[in-house]
Structures are given as C-alpha cells and as structure tokens.
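What follows is one structure encoded as structure tokens, with my remarks underneath.
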Amino acid sequence: MLTVAYGEATLDRSNVNRWYKMFSEGREDVNDEERAGRPSTSTTDEKINEVEKMILANCLIIVREVAEDLNISIGSCHSIFINDLGMRRVAAKFVPKLLNCDQKQHRMNIANEMLDSVRDDPNLLQRVITGDEAWVYGYDVETKAQSSQWKLPHEPRPKKVRQVRSNVKVLLTVFIDCRGVVHHEFLLQGRTVNKEYYLQVMRNLREAIRQKRPDLWKNKNWLLHHDNAPAHTSLLNLMNLALRQHANAYLQSARTPRSTDQYLDAKILQQLETLNRLGSIAEAVGSEFPETHMETILAHIASFQ
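To convert, note that position 12 of the sequence shown is 12 in full-length UniProt numbering; the numbers rise steadily by one, no gaps.
Written out as structure tokens, the structure reads:
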C-alpha cells in the first residue's frame, strides 16, 4: 500500500519498523535529532581569537589574507567575521575636516550657546538670513541611480557613456531664510569675488530685505549668517555692517558652527565689539590699526556716511 501511494520515495521495511518502534515508545517528532557530527577545526575559540587580533592590528585587512595566514578556508574565515565577531566591512565617511579635541569642544560650546539663544528667543531662527556662494553648471551629470531602468530577464544590460561635468558654470550668491529666497545674484563674467563686489552684494541684500521682508527691515533685528571668506571678513565690509547697525547680528552669525572651520578672526571680532561699545568707528579703528592706515579708513567711513 505504501509503495502504491509514495512510489520510489517509500521507506523500506526495516526503516518502517524502526520508526514504528520509536513512535510506540512515545516519540512525536518526525524530524531528525541533532547530532554532534564532525567537530569543526576552523571556528574554534583559538582561531576566533587569532582573527580578532589580526583585525584589531589592521582594520583594512581582507578576508583572503586572514584565511591564508591562519590556513583556513575563506568561507570559514568569513563566518568568523560575520557570525562570531559580529563585524561588517564599511566604507569611511567623508567629512570636510577632521577636528581635534579642542575644536570639538569649541563647536559644542557654540552649539550650546545657540541652543540657549533659541530658548531665550523662540523666534531667533526666523530672523536669520543665511548667505553662501555655489557654482551653477550648464547641466548636472545624471547619477547611476538616476539612470537606472527596468529590463526583462532576456534583455541585455543597458550601456551609457560616462559624462563629465559641464565646463560652463557661473557663481551664484544666494541669501535665504525660513520663508524662502531673499536675494540672489550671479557673478558677471570676468569679475571676481572681492571685498568691493561683496560690499555691493550687501547693499543689494539690504534693498531686497526692505522690499521682501518689511517686518525685519522695520524692526532692524535680522541676523546675517555667512562664512568667513576673505571678501566677507574684509575691513571694508565689517565697517559697513557696523555702520548699518548689524554688527551684533554679524557677531552671532559668525560664531554659528559650520561643517568647516569657518569663524571670524579673533582680532576682527574684538574690533566689532569695540565698535559697538564705543559707538565711534574712527576711535575704534584708530586704537587697533597704525596711523598710516587711518586716512584710507576714514575715507571709507566718509563714503558710507
């Protein structure tokens, strides 16, 4: 009867009798019981410790090198990596700059100061206007993920010529806040970003704030946040910010933590603080700079006034 029902998969008489005896004795599971089997010679505690020491000594070592040094198979070595040690190979994360302990502590202090400022003034971030420059290219290179497409199993894999970044580019200066773009302008061909150019950008930004953000313009409480590029931190622009009564905003924004080490020079910060405290530009710069530079500085002050 069993042969008719199962054909070639039917158990022979001896196995049928053996299973009948085991079920008669109380067994209920039809699966095979675990057996000790052949002992492993590759994944022993000694081998696992040796693999761990080699990884700690050189985290860039590959599985093949470890397997050859310990005379074990690549599969067993890979199993030790994943299952026994719980490791996985990852690529290093690219960051703009590696910071030392003092820089990290400084960044943390700045972040705490900003958090305290936000707690004292919940609307602080709504008054911040952030500016930066970026290159705008004639076209953007399509990434590998963006160029992916569906195909049937019998279709060949599509091919695509590698593209290079466009040689046509223009520098965009843009200022944004929580409500959107406040001001933007493109650098004309043949010009460079210097202190005179950025001074004109600041004047255009003020006009844009007057038109697009009348509430901030009326209260004069908007905060400027940009990096410490040479054109941004030039004395010409610092005096312009002080004259326009935005030195405090500039000081707060300059201390904001950024992805790179972008902070105002201590002397320039001290200069702005002196401007606020004394209220006299000529007296402040006269105490910090040689007399030979006073004529040029006073000329700039007169042009602003």
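All C-beta atoms in this analysis are idealised placements derived from N, C-alpha and C, irrespective of residue type, glycine included.
Being a predicted model, the structure only gives us computed values, none of them experimental.
For residue 171, write down the residues that DSSP places opposite it in a beta bridge.
135
What is the DSSP secondary structure of residue 124, counted as helix, strand or coil?
coil
Let me know the secondary structure DSSP gives residue 11 once reduced to three states.
coil
From what residue to what residue does the alpha helix (DSSP H) around residue 68 run?
63–70
Assigned exposure category for residue 66 - 16 Cβ within 10 Å defines buried:
buried
Do you know how far the Cα of residue 237 is from the Cα of residue 199?
6 Å
Which one or two residues does DSSP pair with residue 184 in a beta bridge?
174
Identified DSSP bridge partners for residue 225:
130
To which residues of the same chain is residue 306 closer than 6 Å at the C-beta, ignoring the five residues directly before and after it?
This structure does not reach residue 306, given that the chain is present from 1 up to 305, and the question cannot be answered.
Give me the Cα-Cα distance between residue 140 and residue 134, rounded to the nearest whole angstrom.
14 Å
Please classify residue 94: does DSSP put it in a helix, a strand, or coil?
coil
First and last residue of the alpha helix (DSSP H) that includes residue 52?
45–57
Once DSSP output is grouped into helix, strand and coil, what is the label at residue 76?
helix
Just to confirm my understanding: we take residue 257, look at its own chain, exclude 5 residues before and 5 after, and list those with CB closer than 7 Å. What are they?
Any reading at residue 257 is ruled out, since the residue's pLDDT is 41, under 50, leaving its predicted position unreliable.
Using the Cα positions of residue 138 and residue 170, report the straight-line distance between them to the nearest angstrom.
8 Å
DSSP state of residue 309, grouped into three classes?
With the chain represented from 1 up to 305, any question about residue 309 goes unanswered, as that position is not in the structure.
First and last residue of the alpha helix (DSSP H) that includes residue 202?
195–212
Does the beta-carbon of residue 14 have 16 or more other beta-carbons within 10 angstroms, so that it is buried, or is it exposed?
exposed
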